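Working notes, beginning with the structure itself.
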Amino acid sequence: MILSRLARSGRGGIVLLVLGLLAALVLPWLIYPPVALDIACWALFAAAVDLLLGFTGLLSFGHAAFWGGSAYCTGLIVLHGGMPFPVAILGGALFAALLALPIGLLSVRLTGIYFAMVTLAFAQMIYFVANQWRDVTGGENGLQGIPRDFLGLDLSDPFFFYYAGLPFVLAGLFAAWRIVRSPFGRVLVSIRDNPARARALGYPVERYRLLAFVLSAALAGTAGGVFAIGHGFAALDGLYWTTSGQVVMMVILGGIGTLWGGAIGAAIVVQLQDFLATAGFEGVGIVTGSIFIVIVLLFRRGIWGTARHLLISRRQADPPVSPAADAGAEPAESPEPAPAPASPHPAGD
Numbered sequence: 008m009i010l011s012r013l014a015r016s017g018r019g020g021i022v023l024l025v026l027g028l029l030a031a032l033v034l035p036w037l038i039y040p041p042v043a044l045d046i047a048c049w050a051l052f053a054a055a056v057d058l059l060l061g062f063t064g065l066l067s068f069g070h071a072a073f074w075g076g077s078a079y080c081t082g083l084i085v086l087h088g089g090m091p092f093p094v095a096i097l098g099g100a101l102f103a104a105l106l107a108l109p110i111g112l113l114s115v116r117l118t119g120i121y122f123a124m125v126t127l128a129f130a131q132m133i134y135f136v137a138n139q140w141r142d143v144t145g146g147e148n149g150l151q152g153i154p155r156d157f158l159g160l161d162l163s164d165p166f167f168f169y170y171a172g173l174p175f176v177l178a179g180l181f182a183a184w185r186i187v188r189s190p191f192g193r194v195l196v197s198i199r200d201n202p203a204r205a206r207a208l209g210y211p212v213e214r215y216r217l218l219a220f221v222l223s224a225a226l227a228g229t230a231g232g233v234f235a236i237g238h239g240f241a242a243l244d245g246l247y248w249t250t251s252g253q254v255v256m257m258v259i260l261g262g263i264g265t266l267w268g269g270a271i272g273a274a275i276v277v278q279l280q281d282f283l284a285t286a287g288f289e290g291v292g293i294v295t296g297s298i299f300i301v302i303v304l305l306f307r308r309g310i311w312g313t314a315r316h317l318l319i320s321r322r323q324a325d326p327p328v329s330p331a332a333d334a335g336a337e338p339a340e341s342p343e344p345a346p347a348p349a350s351p352h353p354a355g356d
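Position one of the sequence shown corresponds to residue 8 (the working numbering), numbered consecutively onward.
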């Protein structure tokens with residue numbers, strides 16, 4: 008009954024945002040703070056990938072290059088530049104966006120498995136460069152001892168640093184949320200659904216895809232920078248293709264094209280990996296892979312995507328409630344706005 012009222016209420020989205028913010032604030036009180044920071048970073052990383060996959064229709068297996076590349080850049084800025092970690096995180100995000108520009112120019116004309124394979128190839132090239140450029144990246148040892156002091160504050164305690172890094176994560180999530188609800192986001196959905204029609208209406212499809220790719224990389228770079236500062240190191244694992252595969256798994260688990268689903272998928276995967284690792288179980292990949300298969304088979308839209316679909320279906324099935332019968336009801340609003348029809352005048356052009 009409560010869910011049905013929220014579905015008919017125009018405040019349903021605001022309630023979800025408030026609940027999500029409260030969950031982010033209390034998370035380090037409920038679980039180990041470094042694990043809470045991992046969940047926050049991976050949630051932003053998943054939202055960045057979902058911006059490209061769920062709203063643009065491009066599956067990238069190369070986003071580890073932006074996550075790991077930003078981690079290295081952030082660490083180098085702090086270690087050798089002596090800059091405070093907020094500046095380093097922003098520098099890492101900018102580096103990820105600049106790195107995505109040439110990769111996107113060579114990739115966005117492709118779609119489907121071809122786009123996925125090209126981005127994977129570029130990411131593996133960057134992994135090889137980082138592994139060989141030992142004087143800068145540390146090679147297999149990575150960058151270690153990255154400090155996280157800021158204005159004389161001692162943030163060595165993971166509990167306190169969680170709240171220092173959380174604003175960057177929340178800002179990135181808000182940016183993703185705002186992008187998909189802007190006219191630019193509506194155009195991306197139109198391109199995803201029917202690129203030929205969008206092109207016929209005058210939209211420069213490749214330009215929009217490129218911009219979405221760069222924005223997604225910047226958000227992934229922000230998450231990677233916070234992750235590197237929080238853990239005090241940047242390692243080659245962050246650039247390896249399995250990192251891209253893991254974040255794609257999180258998006259699919261939660262629900263493609265939902266943004267919220269990525270955070271749920273990140274929480275499940277990170278918590279499960281931490282539980283199995285602390286229990287001494289070595290076959291973590293077997294368990295997470297099995298759960299992934301089960302969820303994909305039972306919930307084709309992902310966990311949050313399935314819940315949202317059931318909620319919308321119930322709202323459509325319920326008879327309309329008059330103000331006299333339900334004085335507390337408000338005008339209905341869909342949790343996720345439907346894509347607006349393409350306009351003959353492209354926004355921003």
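The beta-carbon is built from N, C-alpha and C at its ideal position, and this holds for glycine as well. Being a predicted model, the structure only gives us computed values, none of them experimental.
Using three-state DSSP, classify residue i as helix, strand or coil.
| i | result |
| --- | --- |
| residue 242 | coil |
| residue 44 | helix |
| residue 34 | helix |
| residue 162 | coil |
| residue 60 | helix |
| residue 150 | strand |
| residue 215 | helix |
Apply the 10 Å Cβ neighbour rule to residue i and answer buried if 16 or more other Cβ atoms are within range, or exposed otherwise.
| i | result |
| --- | --- |
| residue 88 | exposed |
| residue 192 | buried |
| residue 190 | exposed |
| residue 174 | exposed |
| residue 209 | exposed |
| residue 137 | buried |
| residue 317 | exposed |
| residue 163 | exposed |
| residue 25 | exposed |
| residue 35 | buried |
| residue 301 | exposed |
| residue 22 | exposed |
Since residue i is in the alpha helix (DSSP H), which residue starts that stretch and which ends it?
| i | result |
| --- | --- |
| residue 120 | 119-139 |
| residue 5 | This structure cannot speak to residue 5, because the chain is shown only from 8 to 356. |
| residue 210 | Residue 210 -> no alpha helix (DSSP H), and no H or E assigned at all. |
| residue 99 | 92-114 |
| residue 177 | 165-187 |
| residue 154 | Unbroken run through residue 154: none, as it is neither H nor E. |
| residue 283 | 267-285 |
| residue 79 | 71-88 |
| residue 193 | 190-200 |
Among the options, whose alpha-carbon lies nearest the alpha-carbon of residue i?
| i | options | result |
| --- | --- | --- |
| residue 235 | 97, 37, 313 and 61 | 97 |
| residue 158 | 146, 171 and 166 | 171 |
| residue 272 | 38, 25, 40 and 45 | 45 |
| residue 49 | 70, 63 and 64 | 70 |
| residue 144 | 119, 155, 168 and 77 | 77 |
| residue 247 | 257, 280 and 133 | 133 |
| residue 186 | 203, 61, 42 and 30 | 61 |
| residue 231 | 68, 21, 102 and 39 | 102 |
| residue 233 | 22, 68, 100 and 29 | 100 |
| residue 194 | 47, 64 and 29 | 64 |
| residue 74 | 215, 105, 90 and 306 | 105 |
Taking 7 Å as the cut-off, is the C-beta of residue i nearer than that to any heavy atom in the ligand FMN?
| i | result |
| --- | --- |
| residue 192 | For the structure depicted, the ligand FMN is absent and the ligand set is empty, with no information on it obtainable. |
- Item | the segment 106-117 contacting the segment 175-183, beta-carbon criterion three pairs below 8 Å | no
- Touch test, the segment 238-250 against the segment 141-159, Cβ-Cβ under 8 Å, three pairs minimum: Yes, the segment 238-250 is in contact with the segment 141-159.
- Take every Cβ of the segment 51-61, pair it with every Cβ of the segment 214-231, and state whether three or more of those distances are shorter than 8 Å. yes
- Touching or not, the segment 299-311 and the segment 262-279, by the rule of three or more beta carbon pairs under 8 Å? yes
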